[in-house]
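In this note's numbering, the protein residues as written are 1 to 92.
We treat Cβ as the ideally placed atom computed from N, Cα and C, and that holds for glycine.
Notes for the one structure printed next.
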């Protein structure tokens, strides 16, 4: 288990991601990120095989762009996050 945690920590570090841990056995502490992680795994991680870290970085960057700018989200009124943010800021 220690190796896996070290590997996860190193991988997250490569992308500049800070890890957030919840209480053991309680995924509801951070339900939004749990749902987001599930989507990323289903749409991106499980669909690919990466030959090297450079390929992973490039394709992850492209996926994040698509996810934020193009992919519509039902919870955001079927808008992309960027369009939702733009509409929100226009009203405030």
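CB of residue i within 8 Å of CB of residue j, strictly
| i | j | result |
| --- | --- | --- |
| residue 71 | residue 61 | no |
| residue 44 | residue 63 | yes |
| residue 8 | residue 20 | no |
| residue 48 | residue 59 | yes |
| residue 91 | residue 82 | no |
Candidates the options, of which the one nearest residue i by Cα
| i | options | result |
| --- | --- | --- |
| residue 66 | 11, 40 and 6 | 40 |
| residue 12 | 78, 57, 69 and 31 | 57 |
| residue 15 | 36, 89 and 53 | 53 |
C-beta neighbour in chain C for residue i, strict 8 Å
| i | result |
| --- | --- |
| residue 57 | Protein chain content of the structure displayed is limited to a single chain, and chain C is not contained in it. |
Three-state secondary structure (DSSP) of residue i
| i | result |
| --- | --- |
| residue 13 | helix |
Item to complete: Please go through the segment 27-87 and give each complete alpha helix (DSSP H) segment of 4 or more residues, from N-terminal end onward.
Response: Counting whole runs of 4 or more residues, the segment 27-87 contains the alpha helix (DSSP H) stretches 31-43 and 53-69.
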